[in-house]
Every structure is written in structure tokens, then in C-alpha cells.
Amino acid sequence: MIRRRTFLQSLPALAAMPASFPASVLAQAYPSHPVRIIVPVSPGSGSDVVARYMSAELTKALGSAFVVENRLGASGMIGTDFVAKAAPDGYTLLCTYAAHYSNQWVEKTPYDAVRDFEPVARLGMSALLLTTAANSRFRTVQEVIAAAKRKPGGVSFGSSGNGTTSHMAAALMSSMAGIEMTHVPYKGPAQVAVDTASGQVDVGFGGVASSLALVKGGRLRVLAVTSLQRSSQLPDVVTMDEAGLKAYELVSPIWVMAPRGTPPAIVTQLSRAMTAAAATPAFKSYCIGQGLEVDIADAAAVRASAPAELERWKKLVALTQAKAKAG
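Structure, rendered in C-alpha cells:
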């Protein structure tokens, strides 16, 4: 009877334990089996190559396999929604880019970019290049602007699609320069680079990685880079700011996120491991080789900046006049 009474008296304490117990236990045991890093775009993209580098580093640092899985479709929304609805246990992560926030203002997404995710880290960023064919009449950004002013709509530009980062880059240029250009949307950055090199469009906006081979092959001329700092890969290329569009900047950060509700101890563990790996010379060298730049922030910093990030991409999407999310 005494044993039964003692057991019954202990029940309230046992019932109270789950509120604080699971996070510490999970953190101690984590990771005990493979972790998936979901990349919502194709292999070879900036977020994909960063995810693959980090998967190897995390496997070594944390002692369990981290595996990259590409889940494509709907401009990144399919893979992103998969992570938003995954169990918040640290075993499903998202490595993503600007579309994480901008998609919410182009279409009605099945998730909220801020509320449904737990930021883990920011690891890098990708600038865009304004390019033209090697034999083009345009040699500077100002020449493009002058031609567009002489004949509104007479200069065409290629982008990766309506409402994409490259579309936003052109829209920002047009807004700041007071010009109108004709938009030619493509399904991806590779075809933008190819058609710009062949003169099918006058200029193109695309990532460093997707344009670099044609630049080095002498088929594309780079007029400017969209970051405030020059590209490590192309140090002789001016920024849009240096070309006369003061304070022009459009870059796509690369973030890692977890589903909302992931235990803070696990988020902290992952954030520390990732930012430590990103701070090494080896990661910097790797990023330069991929046309990326290192840009590190821990979980707390990314979480604090998330609302402003969402608002920033809302304004950029509005410049494109892409279909905005209702409400």
C-alpha cells in the first residue's frame, strides 16, 4: 500500500517532466540516425552546393550521416512545404535561398515563411551578374540605360522566370534608372546565359555559377555584379553601385532552417556546428570556386532578421509587378 501511495504521489512530478525533459534528452542523443537536408531546387544551385559541403562537415562533426535530398518544383515551394510539415525533431532540415521569402508575395504558399520555420544559420550569399553577348554593342551599364531611355522597351532582358530573383534584379535596375525594358522569362538560369551569349536577348541577369563558363569561354561580357562588393571570382567587374546606380544591391542569401517547434537545444547545436564549418578557410575557398561568397549568421541573428527579410523581398517582388499574394 505504501508503495502504491508513493507511486501515486510521484505522478504529478512525472507529468510535469515532458515540458523540459525532451529537449535536453534529444540534444544529448542527437543525432542518433541520418538527417535529411532538403534542397528545394536543382543540383548545382548555390543552396545545393552549400548543402552538400555542410552535409559532409556535419557528418564528421556530429557523428551521424547528413544526406542531401533535392525536392524540386513550384519555384522551391514543394521542398519547402515538405520541411514545414515534417516532424520538428531536427532530422529534416531545409537549405534554401531568397525564394523562401519572395515566393510568399508571388503566389499563395501553403506555409508561412517566418512562422512555420526555425532559422538555424545563414552560410553564404549569391550575387547576380548583368551580362551581354561578347559581341554586343553594350560595354557598360550606362550604355544599356541610355539605349533604354532612347527607346522604352527597346532593350530586352532575360530572367529565370516571373517573380524570380533575376527578374527582381532587372526590375530594381529599371526602377532606379527610370527606364523600361522588355522582359523575356525563361525556365532556368542556364538558358538565360546561353540565349544572352547568342544575342537572343540584349542582356541577361543570372547567377555567377550559371554564367561563369560562358564568361571564361569568351561568349559573355559581364557588365556589373549586383552585390555592393565586387565578386571574388570576377574582381575586375564593377558593381551596379560603382556603375552609377548608387546603393543598388540584390543578393540571395543561403539559409538553413528547421520546422517550427524544433527543440532549441538541437537548433543551437546545429547552428554552432554549421557556423564553425563556414568560418574555415576551406569553406571560403569552396564558395569562391562555386561563385558564392561566405556570409555567416547564427540562429539568433537569422531569427531576428526574418520579419525584415520578408518585407524586403515583398518590396522587390512589387517592382516586378508579379502576381502578389492576396491579403
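Numbering (the working numbering), first residue to last: 481 to 807.
Built from N, CA and C at the ideal position, the CB exists for glycine as well.
S732 sits close to T645, with the two beta carbons spaced by under 9 Å. With contact defined as three or more Cβ pairs closer than 8 Å, the stretch 637-644 and the stretch 684-692 are in contact. The beta-bridge partner set that DSSP reports for V705 consists of L609, T719.
In this structure G769 is exposed. Its beta-carbon is surrounded by fewer than 16 other beta-carbon atoms within 10 angstroms. Contact between E773 and G641 is ruled out by a C-beta separation of about 24 Å, above the 8 Å threshold. Burial check for P523: the Cβ neighbour count within 10 Å stays below 16, so the residue is exposed. Excluding its 5 nearest sequence neighbours in each direction, T742 has C-beta neighbours in its own chain below 6 Å: P568, G570, E598, listed in chain order. For E598, the beta-bridge partners assigned by DSSP are A738.
Taking the Cα positions, I518 is about 17 Å away from P511.
A578 and I734 have their C-alpha atoms spaced approximately 7 Å apart.
Between V705 and V695, the CB-CB gap reaches or exceeds 9 Å. In chain order, W735, V736, L750, S751, M754, T755, A758, I776, A777, D778, A779, V782 place their CB closer than 8 Å to the CB of A601, counting only its own chain and leaving out the 5 sequence neighbours on each side. Residue G771 holds the alpha-carbon nearest to the alpha-carbon of S525 among A788, G771, K795, V563.
Secondary structure note for N550: its beta strand (DSSP E) is the uninterrupted segment 546-550. DSSP places H513 in no alpha helix (DSSP H); its state is neither H nor E. Counting along the chain, L574 sits inside the beta strand (DSSP E) bounded by residues 572-576.
Spatial neighbours of A670 in its own chain (CB-CB distance under 7 Å, excluding positions within 5 residues in sequence) are listed in chain order as S690. Taking a 10 Å sphere around the C-beta of L552, we find fewer than 16 other C-beta atoms and assign the residue as exposed.
With a cut-off of 8 Å on Cβ pairs, the stretch 544-563 is not in contact with the stretch 710-727, counting fewer than three such pairs.
Residue state for T620 is assigned as coil, using DSSP reduced to three classes. V681 carries a coil assignment under DSSP once its states are collapsed to helix, strand and coil.
For E773, the beta-bridge partners assigned by DSSP are M605. Comparing alpha carbon positions, the residue from L610, T572, C575, F562 closest to P590 is F562. Note on the stretch 631-691: whole beta strand (DSSP E) runs with a minimum of 3 residues are 636-639, 662-665, 683-687, in chain order.
It is roughly 29 Å from the alpha-carbon of L692 to the alpha-carbon of F546. Under the criterion of beta carbons closer than 8 Å, L708 and A649 do not qualify as touching, at roughly 13 Å. L790 carries a helical assignment under DSSP once its states are collapsed to helix, strand and coil.
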